[in-house]
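J.: Can you keep this structure in mind? I'll have questions shortly.
Numbering (my numbering), first residue to last: 51 to 154.
Have a look at this one:
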């Protein structure tokens, strides 16, 4: 089980780094991979984890209401991905999207 999360930050450095770090802190403790510059695949154990992550991310967004655009998918199961990535990325994606060994 996993969710897709993407955000855009409308700020210049160093504020951009501060906001990005605060958003990433919401993913601490979860297994995630970032296959694209603004896309995270986050492994979760159950649907309530999605809600927890979403609430934490939205709390950060509320601190910077005009600086962040956030998108989070529904809980995804039995989804496979295809595309064009470095070969080393596919095992990392698979590790977060396969249903066995859900840890978070």
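In this text, a Cβ means the ideal position worked out from N, Cα and C, and glycines have one as well.
Just so it is clear, the structure is predicted and the values come from calculations on it, not from any experiment.
Closest to residue 133 by C-alpha separation, out of 124, 143, 79 and 125, would be which residue?
T.: On the chain shown, position 83 is the one that residue 133 refers to. Among 124, 143, 79 and 125, the Cα nearest to that of residue 133 belongs to 143.
J.: If you drop the 5 nearest sequence neighbours on each side, which residues of the same chain put their C-beta closer than 8 Å to that of residue 153?
T.: Mapped onto the chain shown, residue 153 falls at position 103. Because the pLDDT of residue 153 is 48, which lies under 50, any placement of that residue in the model is unreliable, and the question is left without a value.
J.: Ends of the beta strand (DSSP E) at residue 56?
T.: By 1-based counting over the chain shown, the position of residue 56 is 6. Residue 56 -> beta strand (DSSP E) spans 52-59.
J.: Find the nearest neighbour of residue 135 within the set 85, 79, 116 and 103, judged by alpha-carbon distance.
T.: Within the chain shown, the letter at position 85 stands for residue 135. Nearest option by C-alpha distance: 85.
J.: Provide the residue span of the beta strand (DSSP E) that contains residue 119, from first to last.
T.: The residue given as residue 119 occupies position 69 in the chain shown. Start and end: 118-122.
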